[in-house]
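First comes the structure, then the notes that go with it.
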Amino acid sequence: MLVNLLTFEPLFATAQSRVFSMRPQQIDDSLNQNSDLPNQQKVAACLIQVKEPVVSAIMPTFGRPELVGESVAMFLAQDYPRKELVILNDCDGQIFRFDHPQVTIVNQSQRYATLGEKRNACIEIAKGEVIAVWDDDDVYLPWRFSDAVSEMLSRKAAFYRPSEFWAYWGAASLHDNQSTPGWVSHGFCCFTKKLWETVGGYPQQSLGEDAVFFKRIHEFLGLPFITMPVLKYKRPGILRGASPYQHLSINGGQKSLDSAPGEFDVRPVPIADPCLRQAAESIIATHTETAMKSAELSTKDSFCSSLPALSVCVSLKNRSRIAHQDHLLELFPKCVETIIAASREFMETWAEPSPQGSHFSHRATVELVIADFNSDDWPLSQWIANTADGLTLKYFNLTEGFSRGRGLNMAAMHASSDRLLFLDADMLVTAQLMRDGIEAIDQATAYFPVFRYLNIHGSLLDLEHASFGNVFLSKQMFAASGGVPEFQSWGGEDDIFYERVRRITNIRRDEGNGFYHQWHPERCRHENYQLPPQTDFHAYVDSRVADREVRHFLVSHKDWAGKISLYPDGKMQACHGDQGRYERSDQNVLSLLWDDWPAETLYPDAENKQWKAVGYHFVMEEIPIAHSATELS
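All the letters of the sequence shown, read from the start, carry residue numbers 1 to 633 under UniProt numbering.
This is the structure we're talking about:
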């Protein structure tokens, strides 16, 4: 609807537009209206004051009429009901019309001198308590408002900026972007209108007005750079770097702005760029699927003082006493001993944030949750209660055939904490490893630490880069991933679970601080399973590969880990979506020619059946698949 800028009363349904000039100096003059109040009270006055605030999306636009319909469609798709969209168009001669109670269009014949003044004018019009930046060329996903409001309320924050978002540069695969100082993140921010008023709004400039506005906010709040963690599948939108039009601050398309006069009846339409539309639809489908899975498992409030800081989940079958020659290996009891020692040290130095409304933090506790598959080498009932003194302990018996994935899934379901550590029963841990894992989870990151092998005498051996069985993650990440595959045979379920988690959140992968694997005979890896090693994994891969000529490799790279597939036609694709071509030279050199990244060269290591880059920062090892093609040669 068209509105009177001063009273918000509907105007006559004509093409008439009204000139409205902001007076930025008036905003600046009001900056110190409450200067006599202590700063803490000023900050509190800027917080959201109601449980369900109205969110006003502010959309200044000029000369990009073809994007307006797309942007309106994205706004109407927001799942947060209390919302409004304010479109301020100052392209002389262009008139936009759209009749919807939640959309306000202001057509103005005189252009604002600067973008900062134009943004301020938009916010002046807005009725909402929360302001959401809404750039006309970016892609906003349906959960953006609801997630932002939830975060602002739970964190008692007047300003919200997600720690990450997607970026589109014209290729099928989107780029992972982080909100960092000096880089574009303004388009996904929300703030209270009171905060905007208090800091003096945007400056009178067109380039960098967001940076100055951010500086004012950070100085007022006394914080250097504000971001809030967000799960990968819940990122709020896509920066359209490959816009058809030129950007002011980043490279865009070459198309000139369309300022030709005319009248436009706005129609909500899908994204016209087919590549970008497909990417957005895929993200929405993933979000819907993972949100449904998350709903199946209610997560507990991590701020509640009665909950442990971490639940260590173990899937167990006969790891308590293993006879080997003249040795009796008590793998799991030693594992528990290190958990106890680590948790005691951890509890002395780690304090959970205080519950809302409380002035006191509380000391952290650690919980051990054991899913035992009827172990008979040294039954838990004979020793665990005495050994695990000092831990919150839960254990239950499963009479079915051993499945590592089944045990971990059941343990996670019984865990009290929202932070989980999936831990193999033959591992040794430290307090620092626990701290690192918890800090990663609190930054919306799953941590897959790399462990080091010990020999039978306890001396250090090599690092293991190809194992993904131990992981710190939140219960929400676990639920969203769909859980660990419940294989009845040894091998592969950890790789699949890693890939599932990687799709929904950030991954940390480095050497764990004091993280060790106890020695045991090789037979112990698979002797408790019902089926031969990797039977289920082979069946899983076979069921997902239509072309039996595809070669799959497990990758350990300094920047990522996972799987890469090489196709007979010379194409390749990594598990994270990046694509390209590969070439094999006469000198037995494998070149990976990425579409969006620098080429990489690997050389054969026949002894270890691997391909390695110089310096070993990139290693590929083929995943054995039944009925696979012949060796790459």
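Glycine is no exception: its CB is placed at the ideal position from the N, C-alpha and C atoms.
Query: Would you mind sorting Leu207 into buried or exposed? The rule is 16 or more other CB atoms within 10 Å of its CB.; Result: exposed
Query: Roughly how many whole angstroms lie between the Cα atoms of Ala323 and Arg404?; Result: 22 Å
Query: Using a Cβ-Cβ cut-off of 7 Å (strictly less than) and excluding sequence neighbours within five positions of Ser35, which residues of its own chain qualify?; Result: Any reading at Ser35 must be qualified, since the residue scores a pLDDT of 43, below 50, and its modelled position is unreliable; the value itself is stated next. Contacts found: none.
Query: For Asn409, report the span of its beta strand (DSSP E) as first-last.; Result: Not the beta strand (DSSP E): Asn409 falls in the alpha helix (DSSP H), residues 404-414.
Query: Would you tell me roughly how many angstroms separate the C-alpha atoms of Leu221 and Ile438, rounded to the nearest one?; Result: 26 Å
Query: Please look up how many angstroms separate the CB atoms of Ala309 and Ser417, rounded, as I've assumed it's under 8 Å.; Result: 6 Å
Query: Using the beta-carbon count (16 or more within 10 Å), is Val429 buried or exposed?; Result: buried
Query: Helix, strand or coil for Gln94? Go by DSSP, reduced to three states.; Result: strand
Query: How big is the Cα-Cα spacing for Ala15 and Leu67?; Result: Only weak support exists for where Ala15 lies, its pLDDT of 29 falling under 50; the coordinates are left without a value.
Query: Just list the beta strand (DSSP E) runs in the region 464-551, keeping only unbroken ones of 3 residues or longer that don't cross its boundaries, in chain order.; Result: 471-474, 506-508, 511-517
Query: Given Asp424, which residues of its chain have a CB within under 7 Å of its CB, disregarding the five upstream and five downstream residues?; Result: Gly469, Asn470
Query: Apply the 10 Å Cβ neighbour rule to Gly241 and answer buried if 16 or more other Cβ atoms are within range, or exposed otherwise.; Result: buried
Query: Report yes if the C-beta distance between Ala73 and Pro268 is below 7 Å; otherwise report no.; Result: yes
Query: When burial is assigned at 16 or more other CB atoms within 10 Å of the CB, is Ala431 buried or exposed?; Result: buried
Query: If Thr349 sits next to Asn374, beta carbons under 8 Å apart, how far is it from one beta carbon to the other, in whole angstroms?; Result: Between Asn374 and Thr349 the Cβ distance is about 38 Å, and since that is not below 8 Å, they are no contact.
Query: For Glu164, which three-state DSSP category applies?; Result: strand
Query: Between Phe487 and Ala440, is the Cβ-Cβ spacing less than 7 Å?; Result: no
Query: Distance check for Gly615 and Asp605, CA to CA, integer angstroms please.; Result: 13 Å
Query: Taking only the alpha-carbon atoms, compute the straight-line gap between Phe553 and Glu70 and give it to the nearest angstrom.; Result: 41 Å
Query: Per DSSP, which residues does Ala327 bridge with? Please list them.; Result: According to the sequence provided, residue 327 is His. The question's Ala does not apply to it. DSSP, once it has assigned bridges, lists His324 as partnering His327.
Query: What's the C-alpha gap between Phe360 and Tyr202?; Result: With a pLDDT of 35 at Phe360, under the threshold of 50, the modelled position of that residue is not reliable, and no figure is offered here.
Query: Just list the alpha helix (DSSP H) runs in the region 162-228, keeping only unbroken ones of 4 residues or longer that don't cross its boundaries, in chain order.; Result: 193-199, 209-221
Query: Going by other Cβ atoms of all chains shown within 10 Å of its Cβ, with 16 needed for buried, is Val50 buried or exposed?; Result: exposed
Query: Give the secondary structure of Asn455 by DSSP, where H, G and I count as helix, E and B as strand, and everything else as coil.; Result: coil
Query: Going straight from the alpha carbon of Ala613 to that of Val589, what length do you get?; Result: 10 Å
Query: Grab the span of the alpha helix (DSSP H) containing residue 646 for me, first residue to last.; Result: Summary: the structure shown does not reach residue 646, with the chain confined to residues 1 through 633, and so no result is reported for it.
Query: Quick one: complete alpha helix (DSSP H) runs, 4+ long, within the UniProt domain "Glycosyltransferase 2-like" (367-451)?; Result: 384-387, 404-414, 431-442
Query: Where does Phe396 land, buried or exposed, given buried means 16+ other C-beta within 10 angstroms?; Result: exposed
Query: Looking only at DSSP bridge pairs, what is Ile87 linked to?; Result: Met59, Ile105
Query: Tell me which residues share the same chain as Lys317 and place their Cβ nearer than 7 Å to its Cβ, disregarding the 5 neighbours each side in the sequence.; Result: Phe373, Ser375, Phe402, Asn528
Query: Less than 8 Å between the CB atoms is what I'm expecting for Glu607 and Leu593, so what's the real figure, rounded?; Result: Incorrect: roughly 27 Å between the Cβ atoms, too far for contact.
Query: Since Glu583 is in the beta strand (DSSP E), which residue starts that stretch and which ends it?; Result: 579-584
Query: Per the contact definition of three or more C-beta pairs closer than 8 Å, is the region 82-89 in contact with the region 101-108?; Result: yes
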